[in-house]
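The block underneath contains the structure these notes are about, expressed in structure tokens.
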Amino acid sequence: MSAAGIAVLLLSFAFDQWRDYREELAQAERSVRTAATLLAEHTARSFEAAESALKAVARVHDDADRHTYSDATIHRLLKAIHGGSPVLRSIGWVNADGDRLMSSLFADPPPLNVADQEQFLALRDGDGRPGRFYVAAPVRSRLLDGWILSVSLRLDMPDGRFDGIAGGVVDPEYFARVFRGIELGQHDVVTLFRGDGTILAREPIDETLLGTSLAGRPFMTEIVPSAPAGAFHAYGLSDQERRVIGYAVAPGSGMIVTVAARHDEILAIFWNGLAAGGTRMGLIVLALAFGTWLLVRQTQRREQLAIELRFSEARFRDFAASSGDWFWETDAEDRFVWMSDSIESATGVVASWHIGRSRAELAAPGQVTSEAWVAHLADLQEHRPFRDFEYVRRGPSGDRLLRVSGVPVFRDDGRFVGYRGSGRDITELWRAEQRLRDAVESLPAGFMLFDADDRLVYTNGHRTDVMPELADQYRIGDTFEQILRRCVAAGAITDAVSDPDGWIARRVEQHLSAKGSTTVRFGGRVVEVVERPTSDGGIMVLRFDITALEQAREAAQAAHDAADEANRAKSEFLSSMSHELRTPLNAIIGFGQILKIDREKRLSPDQQQYCDHIVKSGGHLLSLVDEVLDLAGVEAGRLRLSLEPVGVAGVVREAVRTMQPVASGAAVHLHKLPAPADLAVRADAQRLRQVLLNLLSNAIKYNRPDGTVTVKVEEPGAGVVRISVTDTGAGISEENRKQLFVPFQRLGAEFTHVEGTGIGLALSKRLVEAMDGRIGVTSELGTGSTFWIEVPVSSVPNNADEGVIEHLASPLAAAGGYSVLYIEDNPLNVSLMAYLLETLPDVTMYAAPSGQIGLDLARAQKPEVIVLDLNLPEMDGFEVLERLRRDPETATIPVIALTASAMPNDVRRGMAAGFFRYLTKPLKFDEFLAGVDAALSRPAATHPDRPIEGRGTGIGR
């Protein structure tokens, strides 16, 4: 080759390398831009999630002001919001002075003031938009010994004035983990910028750069503000290495993510390839230079090549001998003239046995007339190549299934001389396939296999079990849609009757997705179809007849519906029973209390005792009603528990304090043993208190005079806390202990002076079990009994005294000087209320027997408080309340419901309607006065479209 040719070759090589260099850089730009875009979208979603969480905190802040939530309730709400946000380490809010009030990390957060921090100043002194979201520059926390990133949301008062911020802390390590989620090079750098150029996060971290602003620097001027993404070349921030930098703007947030890769790393493959290519090119040039010399030596090498050819032939024969396949040659009459020795190890027949025989002569009788053999003989006749022809060869080792391929051989003059090819013994493979087919045929389900083109290639015999009349519709080679349309056209698929084309389209889409199962109705049968993809792109279909299961499910659903109907009837009965019993009890207990007051001292001691019996018996009947409703609610599954950490010491101390007067009246000594102050259980505080009061009440009632009751708290292990109540009563026999927790079983105590209902222990057992606990008893006749409960230990210690309720006094209500409108159609209830209010100074009561009269009196007299019964003639209490709220003259008057409707649904409905308090009959005068006191002490300006809430102890809280 001439020098000009070599020069052209070198120029072509240089051009190719220059093009590869540009392509490597372009590929690097695309990679970093794509990575930056993905991370920017993830960053936008992360800050959107953080903003959504802070908006939820803002709603809790507004609701807390409106509904006077307790700190514990706010803490639980913040923890619930925090638990749903993996981006935030903590959330909470601060007031307008910058003092932290609430945090998801602390029920009682330590003092902290952020008035001098960036986010507080920016939101306080910014544009004042409500709900403005702000991301502050990262700062290093001395407390956490690491970098933190603060996000905040402006809180405003109803008049638009600044009311503080809802804030959260984002761990920059969160973004570091996200950045590491993409495939970074050894020295790649990912950086998150705020819109003003401030660095918020970086991977790998560089503490000298976090929180600094690059606005106006040459590095940042390459970023085009109007472009959502791009790439450019520049030197790095810290190592001053030449880099390809991709950037993207996070949608909606203005944040900027950059991904920077070093030039030397992204071009490493190119430089290595250039070195290797240059070496090859040099070798090629040397080869061309020595070409002439090689041609001269060509003649001398002919003999050497002949030797090497003979060696290659020998090597080929060695390979053929060691291969699992064998090789063969035939003459022009299709008779074997050569066969490699490896056929003997594969089929058990020596190669020489085949020489001189044709393939047709070796085939098992009857084969050569088959369609496959006819096509094979035609290929041989036309001297065409063939591939993977299978036939059964009969020989000394028995019948073997062989698979052969061959190509025709021609001489230089074009004369056909025979075939050369290879063969393989597939007998064992064929037998394995046959066993697989037998297994598929034995499946208790219809099986179909579709290939990558969705054509049916195999189906077992069970395809006809569901609908025998559709057996002819499943044809090998047809697509799934063709088979489906024939079945629909035959009217066999019940689900497709109303919209055949729409149903077929949906069913084909389900079939092609091959992700689950679907149910199809064939006439009176129900079939579950399970579809799964195969490794070669096909689809496997299994069909199960589930008619019996479907019928059983429908029967179970019908039984469930019947049970629900019975449960509703039971609830209606209990509601009616509660209402009908509470109405007369209101008069019995109320007038009994009036008689006990005896302002004129007309009652004798015996008559005073009779009044005590009336009030006490009425209270006993009321407790029976409440316990029956509680037990029915538990059995019906309507019990709603709030399981949370509860301090054991506080609950036990409150229960003992509550029952101490009862014990003193019964001459029983009640005391508790010391309990760890920091021990907590996972339970519902109200229900745990109810169970303890029940056990203490029984221990006092069934004790002996001058007896003792001891309360003990211990931690026996196994993750539970045991609270035991031990008395010194008569004890319980083993036979009676079996009936202890059965409702209405008093075990003979009903014939004694001890009062009871026989429900308390049954209810306690169900409540404890609903809190994942246990209840039991040990007893010895003549010595006493120990009732114990075990409740799971809480994983979060709680040092607070849970469940302590302080009943507030009612100074305003007791002081008098106000007016009350009582809307009630029952004269006895009106008389009771009037007499009770007469015990207070300067209280004016207006009575209205119907809703319409009550509305007229409310507009005319403008009372400070309205007491409203719900069951009124012509117009019920809910309609009266609605009309009072619509009338501007009465809209702000607090309305207290006083009704015999005491079911939980009734209470929820009443509070949702807007009642200030929801009190149930029989009337408890101290509870009623607490509600009046809260109404009189409410804020002067109220909203007529929502209930006015005070701080009383009414049931509505």
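Each residue of the sequence shown is one higher than the last, beginning at 202 in the numbering used here. Glycine included, every Cβ here is placed at the ideal spot set by N, Cα and C. Keep in mind that this is a model prediction, so the values were computed, not measured.
**Prompt:** Hey, is the region 745–755 in contact with the region 720–736, meaning 3+ C-beta pairs nearer than 8 angstroms?
**Reply:** Three or more pairs of CB atoms, one per stretch, sit closer than 8 angstroms, so the region 745–755 contacts the region 720–736.
**Prompt:** Which runs of the alpha helix (DSSP H) spanning at least 4 residues fall entirely within the region 875–945, listed in chain order?
**Reply:** Listed in chain order, the complete alpha helix (DSSP H) runs (minimum 4 residues) inside the region 875–945 are 886–902, 935–938.
**Of the listed residues Gly793, Leu804, Gly386, nearest to Ser1032 (C-alpha basis)** = In the sequence shown, the residue the question calls residue 1032 occupies position 831. Shortest Cα-Cα distance from Ser1032 to any of Gly793, Leu804, Gly386 involves Gly793.
**Item:** Residues near Gly1052 in its chain [Cβ-Cβ closer than 6 angstroms; skip 5 each side]
**Value:** For this step, residue 1052 is matched to residue 851 along the sequence shown. Leu1073, Met1076, Val1081.
**Prompt:** In terms of residues, what are the limits of the beta strand (DSSP E) holding Asp357?
**Reply:** Residue numbering aside, residue 357 sits at position 156 when the sequence shown is read from its first letter. In the DSSP assignment, Asp357 falls within the unbroken beta strand (DSSP E) covering 347–357.
**Asked** Looking only at its own chain, which residues have a Cβ that is under 6 angstroms from the Cβ of His464, when we skip the five neighbours before and after it?
**Response** Position 263 of the sequence shown, counted from the first residue, corresponds to residue 464. Excluding residues up to 5 positions away in sequence, Arg443 lie with their Cβ nearer than 6 angstroms to the Cβ of His464 in the same chain.
**Request:** Would you decide whether Gly920 is buried or exposed? Buried here means 16 or more other CB atoms lie within 10 Å of its CB.
**Result:** Along the sequence shown, one-based indexing puts residue 920 at 719. By the beta-carbon neighbour count (other beta carbons within 10 angstroms, threshold 16), Gly920 is exposed.
**Item:** Per-residue burial, Glu1007 [other beta carbons within 10 Å of its own, 16 or more giving buried]
**Value:** Along the sequence shown, one-based indexing puts residue 1007 at 806. For Glu1007, the pLDDT reaches just 39, beneath the cut-off of 50, and the residue's location in the model is therefore unreliable, leaving the point undetermined.
**Asked** From Met482 to Ala488, what does the alpha carbon distance come to, in whole angstroms?
**Response** Reading the sequence shown from its first residue, position 281 is the one you call residue 482. Reading the sequence shown from its first residue, position 287 is the one you call residue 488. Straight across, the Cα-Cα distance linking Met482 with Ala488 is about 10 angstroms.
**Strand pairing of Ala449, partner residues [DSSP]** = Locating residue 449 in the sequence shown gives position 248, counting from the first residue. Answer is Ala430, Val458.
**Request:** Mind listing, in chain order, the continuous alpha helix (DSSP H) runs of no fewer than 4 residues lying wholly within the region 563–641?
**Result:** Those alpha helix (DSSP H) runs which fall completely within the region 563–641 and span 4+ residues are 572–582.
**Prompt:** Rounded to the nearest angstrom, how far is the Cβ of Ala297 from that of Glu319, given a contact under 8 angstroms?
**Reply:** Walking along the sequence shown from the start, residue 297 turns up at place 96. Walking along the sequence shown from the start, residue 319 turns up at place 118. Between Glu319 and Ala297 the Cβ distance is about 17 angstroms, and since that is not below 8 angstroms, they are no contact.
**Request:** Leaving aside the five residues before and after Ala646 along the sequence, list all residues of the same chain whose C-beta is less than 7 angstroms from its C-beta, in chain order.
**Result:** For the purposes of this step, residue 646 is taken as the residue at position 445 of the sequence shown. Hits under 7 angstroms: His663, Leu743, Arg744, Phe745.
**Request:** Determine the contact status of Pro993 and Arg883, defining contact as a CB-CB distance below 9 angstroms.
**Result:** What you label residue 993 is simply residue 792 of the sequence shown in a count that begins at 1. What you label residue 883 is simply residue 682 of the sequence shown in a count that begins at 1. Going by C-beta atoms, Pro993 is nearer than 9 angstroms to Arg883.
**Message:** Any contact between the region 362–370 and the region 310–324? By contact I mean 3 or more CB pairs, one from each, below 8 angstroms.
**Reply:** Below 8 angstroms, enough C-beta pairs join the region 362–370 and the region 310–324 to call them touching: three or more.
**Item:** Inter-residue Cα distance where the pair is Arg1110 and Asp702
**Value:** In the sequence shown, the residue the question calls residue 1110 occupies position 909. In the sequence shown, the residue the question calls residue 702 occupies position 501. Roughly 48 angstroms between the two C-alpha positions.
**Prompt:** What residue ranges within the region 1066–1119 form continuous beta strand (DSSP E) runs of no fewer than 3 residues, ordered along the chain?
**Reply:** For the region 1066–1119, whole beta strand (DSSP E) runs of length 3 or above, ordered along the chain, are 1066–1069, 1096–1100.
**Request:** Could you tell me which of Arg1060, Asn899, Ile292, Leu1022 sits nearest to Phe988, measuring between CA atoms?
**Result:** Mapped onto the sequence shown, residue 988 falls at position 787. Nearest option by C-alpha distance: Asn899.
**Asked** Going straight from the alpha carbon of Glu951 to that of Ile976, what length do you get?
**Response** Within the sequence shown, the letter at position 750 stands for residue 951. Within the sequence shown, the letter at position 775 stands for residue 976. The predicted model places Glu951 with a pLDDT of 45, which falls under 50 and marks its position as unreliable; any figure quoted below should be read in that light. Their backbone Cα atoms lie some 23 angstroms apart in a straight line.
**Message:** Taking the alpha carbon of Ala856 as the reference point, which residue from Ile901, Cys812, Ala868 has its own alpha carbon closest?
**Reply:** Within the sequence shown, numbered from 1, the residue matching residue 856 stands at position 655. Shortest Cα-Cα distance from Ala856 to any of Ile901, Cys812, Ala868 involves Ile901.
**Request:** Can you tell me the Cβ-Cβ gap for Ala1092 and Arg1084, rounded? I've got them flagged as a contact below 8 angstroms.
**Result:** As a first step, residue 1092 must be located in the sequence shown, where it is residue number 891. As a first step, residue 1084 must be located in the sequence shown, where it is residue number 883. Arg1084 and Ala1092 do not touch by the CB rule: their CB atoms are close to 10 angstroms apart, not below 8 angstroms.
**Prompt:** So the alpha helix (DSSP H) Tyr1036 belongs to, where does it begin and stop?
**Reply:** Taking the first residue of the sequence shown as 1, we reach residue 1036 at position 835. Element bounds for Tyr1036: 1028–1039.
**Asked** Rounded to a whole number of angstroms, what is the C-alpha to C-alpha distance between Gly619 and Leu212?
**Response** For the purposes of this step, residue 619 is taken as the residue at position 418 of the sequence shown. For the purposes of this step, residue 212 is taken as the residue at position 11 of the sequence shown. Spanning the two alpha carbons is a distance of roughly 50 angstroms.
**Asked** What distance in whole Å lies between the Cβ atoms of Leu410 and Arg403, which are believed to be in contact at a cut-off of 8 angstroms?
**Response** Taking the sequence shown and counting its residues from 1, one reaches residue 403 at position 202. Taking the sequence shown and counting its residues from 1, one reaches residue 410 at position 209. The beta carbons of Arg403 and Leu410 sit about 6 angstroms from each other, so the pair counts as a contact at 8 angstroms.
**For Val391, three-class secondary structure by DSSP** = Here residue 391 corresponds to residue number 190 of the sequence shown, with the count starting at 1. Note: Val391 maps to strand in three-state DSSP.
**Request:** If I'm right that Tyr1047 touches Met1034 with Cβ under 8 angstroms, what's the distance once you round it to whole angstroms?
**Result:** In the sequence shown, residue 1047 corresponds to position 846, counting from 1. In the sequence shown, residue 1034 corresponds to position 833, counting from 1. Not quite, the Cβ-Cβ distance comes to about 11 angstroms (not below 8 angstroms), so this is no contact.
**Prompt:** Based on the DSSP output, what are the partners of Ala402 in its beta bridges?
**Reply:** Residue numbering aside, residue 402 sits at position 201 when the sequence shown is read from its first letter. Looking at the DSSP output, Ala402 shares a beta bridge with Leu393.
**Item:** Under the three-state DSSP convention, the category Gly299 falls into
**Value:** Residue mapping note: residue 299 aligns to position 98 of the sequence shown, counting from 1. Residue state for Gly299 is assigned as coil, using DSSP reduced to three classes.
**Prompt:** Nearest to Arg888 by CA position, among Asp928, Glu970, Lys256, Ser934, is which residue?
**Reply:** Mapped onto the sequence shown, residue 888 falls at position 687. Cα-wise, what sits closest to Arg888 is Glu970.
**Own chain partners of Asp589 with C-beta closer than 7 angstroms, once the 5 adjacent residues on each side are dropped** = For the purposes of this step, residue 589 is taken as residue 388 along the sequence shown, with counting starting at 1. Arg604, Ser606, listed in sequence order.
**Prompt:** For Ala250 versus Ser304, is the C-beta distance shorter than 9 angstroms?
**Reply:** To locate residue 250, count along the sequence shown from 1; it is residue 49. To locate residue 304, count along the sequence shown from 1; it is residue 103. Going by C-beta atoms, Ala250 is not nearer than 9 angstroms to Ser304.
**Prompt:** At what residues does the alpha helix (DSSP H) containing Pro1012 begin and finish?
**Reply:** Here residue 1012 refers to the residue found at position 811 when the sequence shown is read from its first residue. Taken as a continuous stretch (DSSP letters only), the alpha helix (DSSP H) holding Pro1012 covers 1012–1016.
**Item:** Chain-order list of residues whose beta-carbon lies under 8 angstroms from that of Ser718 (same chain, five-residue window excluded)
**Value:** Here residue 718 corresponds to residue number 517 of the sequence shown, with the count starting at 1. If we look at Ser718 and ignore the five residues flanking it on each side, its Cβ neighbours are Glu729, Val730, Val731, Glu732.
**Prompt:** For Asp1070, does the count of other Cβ atoms within 10 angstroms reach 16, so buried, or fall short, so exposed?
**Reply:** Translated into the one-based positions of the sequence shown, residue 1070 becomes position 869. Burial call: buried.
**Request:** Measure the alpha-carbon distance for Glu915 versus Val892 and round it to whole angstroms.
**Result:** In the sequence shown, the residue the question calls residue 915 occupies position 714. In the sequence shown, the residue the question calls residue 892 occupies position 691. For Glu915 and Val892, the distance between alpha carbons rounds to 17 angstroms.
**Request:** Count the other C-beta atoms from every protein chain shown that fall within 10 angstroms of the C-beta of Gly1157, then say buried if there are 16 or more, exposed otherwise.
**Result:** One-based indexing of the sequence shown puts residue 1157 at position 956. Any reading at Gly1157 needs caution, since the residue's pLDDT is 29, under 50, leaving its predicted position unreliable; the model's value is listed next. Buried, by the Cβ-count rule.
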